[in-house]
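Going by our numbering, the residue at position 4 of the sequence shown is 4; the numbering climbs one at a time, nothing skipped.
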Amino acid sequence: MTDALADVANLPGVAGSVDEARSAVDRLLGHRILRRRSAEVSTESALRGARASAVLDGATVTLDELRTTENPSDPVVQGSLRVSAELGTLTETWRKAPRQALARLHVLAAADAVESADLGRPRSADGPPLPGAPSPSEVALRLDALSGLLIEPTKAPALVAAAIVHGELLTLRPFGWGDGIVARAAQRLTLVARGLDPKSLVAPEVGHLELADDYAEALRAYSSGTSEGVAQWIGHCSAAVVAAARDSQAICEAFMRG
Numbered sequence: 001m002t003d004a005l006a007d008v009a010n011l012p013g014v015a016g017s018v019d020e021a022r023s024a025v026d027r028l029l030g031h032r033i034l035r036r037r038s039a040e041v042s043t044e045s046a047l048r049g050a051r052a053s054a055v056l057d058g059a060t061v062t063l064d065e066l067r068t069t070e071n072p073s074d075p076v077v078q079g080s081l082r083v084s085a086e087l088g089t090l091t092e093t094w095r096k097a098p099r100q101a102l103a104r105l106h107v108l109a110a111a112d113a114v115e116s117a118d119l120g121r122p123r124s125a126d127g128p129p130l131p132g133a134p135s136p137s138e139v140a141l142r143l144d145a146l147s148g149l150l151i152e153p154t155k156a157p158a159l160v161a162a163a164i165v166h167g168e169l170l171t172l173r174p175f176g177w178g179d180g181i182v183a184r185a186a187q188r189l190t191l192v193a194r195g196l197d198p199k200s201l202v203a204p205e206v207g208h209l210e211l212a213d214d215y216a217e218a219l220r221a222y223s224s225g226t227s228e229g230v231a232q233w234i235g236h237c238s239a240a241v242v243a244a245a246r247d248s249q250a251i252c253e254a255f256m257r258g
């Protein structure tokens, strides 16, 4: 049986960037504050991740606004917050039934933005075309392939699997609204479910926002389908995890100072 994710992990340059990201997460996990306050760090990381994902999808919101506004009016912010709040409950579903978990993520992300009949359902041929995106038939095939890839055993690192999930979903734009929120959440969920960050202390969304100037370029490289493009995308995702781990280290240090 072939191991497609392991083949991707063996592309030139991938191992080095993945090792750097894994080391950054390991350093974070060794922080002494996590022995007694890991839940608080995870909660703060979730809030920062939700804010970053919303901003990447065009929202204008600060962390202070998220802390003080009970019901934000922007549907992008609302959706990002809902996704972040429920992410931890989807770990087992993601391991066993990724398509089901993706549907739930879209329901959470888009509840205030699309018709209820369209929530959790990939784009269909009957809907309006999405310029620059693959056709609904291609989306269906590639979502099935991605789901199959995720439930098969692999020797590939969690970071590689997470990057492929993120890149595929951003490329496919399977739902037509909220795809960025769903894709970034799925990346984080993969890192949690595959044991790299089991307590969800790292918010890759924060790293993608910090590296926003490279985000779109790296996605275009991935979407090209070339080995070099895929490796570039994984390098970007790994760098985002490094930046996010650094941000979570700062959260830990702030808790240490009281």
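C-beta atoms are modelled at their ideal positions from N, C-alpha and C, and glycine is treated no differently. Model, not experiment: these values are computed from the prediction.
Judged by DSSP secondary structure, residue 96 falls within the alpha helix (DSSP H) whose first and last residues are 91-96. When the beta-carbon positions are compared, residue 139 and residue 122 come within less than 8 Å of each other. Under the 10 Å beta carbon count, residue 42 is surrounded by 16 or more other beta carbons and is classified as buried. Contact annotation, residue 80 with residue 53: C-beta distance approximately 5 Å; criterion of less than 8 Å satisfied. In the DSSP annotation of this structure, residue 175 is not part of any alpha helix (DSSP H), being labelled neither H nor E.
For the pair of segments examined, the stretch 239-253 was found to touch the stretch 25-35: the number of CB pairs separated by less than 8 Å reaches three. With respect to the C-alpha of residue 118, the residue from 39, 175, 19 having the closest C-alpha is 175. If you draw a straight line from the Cα of residue 16 to the Cα of residue 234, it is about 11 Å long. For the pair of segments examined, the stretch 6-13 was found not to touch the stretch 218-225: the number of CB pairs separated by less than 8 Å stays below three. Of the other Cβ atoms in all chains shown, fewer than 16 fall within 10 Å of the Cβ of residue 135; this residue is therefore exposed. Under the criterion of beta carbons closer than 8 Å, residue 244 and residue 203 qualify as touching, at roughly 5 Å.
Between the stretch 147-160 and the stretch 207-216, the count of C-beta pairs closer than 8 Å stays below three; the two stretches do not touch. When secondary structure is reduced to three states using DSSP, residue 102 falls in the helix class. Within 10 angstroms of the beta-carbon of residue 98 lie 16 or more other beta-carbons, which makes it buried.
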